[in-house]
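Take 179 as the starting number for the sequence shown in this note's numbering and just add one per residue. These notes are about the structure you will find just below.
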Amino acid sequence: MNKHNKLSILLVEDNQRIAESVIQHFTQKGHVVDYASSAETALNLLEQSRFDLMILDLMLPGMDGLTFCKQAREQNNYVIPVLMLTAKDAIDDIVQGFNHGADDYLTKPFAMQELEVRVVALSRRHMLNTQYLIELGELQIDRRALTVKRQGRIVECSRMGYNILKYLAEAYPRVVTRSELIQTLWGDNETESDALRTHMYQLRLCLDKPFTSPMLKTVHSVGFTLQNIE
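Now the structure itself:
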């Protein structure tokens, strides 16, 4: 996304001080921010306007942020990327947020500059995700042809390997947790405990081994992400 592009942002936050700071920061950057202090008000705004992105606090009065996020996903006729703000940093709470439709998260307290970077990255990622082709540096994924190329060379990976790589690319630069990836790939169906490890090993063989630098990165005790994109 061009850094000069204006974003239309919906901010859902009941903390007045935080809301004012976010509005001031993004307005000064040339973006347009609509504000709701409750989920009910936000649902009304979503019916009236179309937004590029939503910043959502999970701890809201009345309808909580998780319930609102799920309802907003079900009611809207377009997909709006959601960055959730939360004071909770437990992996289970974060995964629950993703399962309800959020795309990224930031724990409080946060630096306004980091929020801006996350928002711009999420908006750019969403724009990429609405296209058939995902291009991240030397990696190219064609979601229509179901093919993967690296440095212009076809990467011969399994269907499960393709699904894993596509999900990591769509989530980039966010780290995808192991439990989130397992839920995405297998849902509620039981799978062997080492199944994900096996598929990640096979994906590394075809995506990384033939090249000089690895793209798959394991984040210890958390999950996986992509690296060496530039």
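For every residue, glycine included, the Cβ atom is placed at its ideal position computed from N, Cα and C.
Assign residue 133 to one of two classes, buried (16 or more other C-beta atoms within 10 Å of its C-beta) or exposed (fewer than that).
Lying before the first or after the last residue shown, residue 133 is absent from the chain, which here runs from 179 to 408.
For the beta strand (DSSP E) that residue 313 lies in, which residues bound it at each end?
If you look at residue 313, you'll find it in the beta strand (DSSP E) that goes 311 to 314.
Work out the CA separation of residue 369 and residue 181 for me, nearest whole Å.
Because residue 181 carries a pLDDT of 42, less than 50, the predicted location of this residue cannot be relied on, and the following value inherits that uncertainty. Rounded to whole angstroms, the separation of the alpha carbons of residue 369 and residue 181 is 43 Å.
Select from 298, 360 and 396 the residue whose C-alpha is nearest the C-alpha of residue 276.
Ranking 298, 360 and 396 by Cα distance to residue 276 puts 360 first.
Here's the rule: buried if 16 or more other CB atoms are within 10 angstroms of the residue's CB, otherwise exposed. What is residue 336?
Exposed, because fewer than 16 other Cβ atoms sit within 10 Å of the Cβ of residue 336.
Could you tell me whether the segment 237 to 254 touches the segment 279 to 286, using the rule of 3 or more Cβ pairs below 8 Å?
Because the criterion of three Cβ pairs below 8 Å is met, the segment 237 to 254 and the segment 279 to 286 touch.
Does the segment 325 to 335 come within contact of the segment 373 to 390, defined as at least 3 CB pairs closer than 8 Å?
Because the criterion of three Cβ pairs below 8 Å is met, the segment 325 to 335 and the segment 373 to 390 touch.
Residue 218 and residue 241 - do their beta-carbons sit closer together than 8 Å?
Inclusion of residue 241 and residue 218 in the CB contact set at 8 Å is warranted, their separation being smaller than that value.
On the DSSP bridge list, what partners appear for residue 402?
The beta-bridge partner set that DSSP reports for residue 402 consists of 354 and 396.
Just verifying my parser: in three-state terms, what is the DSSP assignment at residue 193?
DSSP places residue 193 in coil when its eight states are reduced to three.
Determine the direct distance from the alpha carbon of residue 290 to that of residue 203, and round the result to whole angstroms.
Taking the CA atoms as reference points, residue 203 sits about 7 Å from residue 290.
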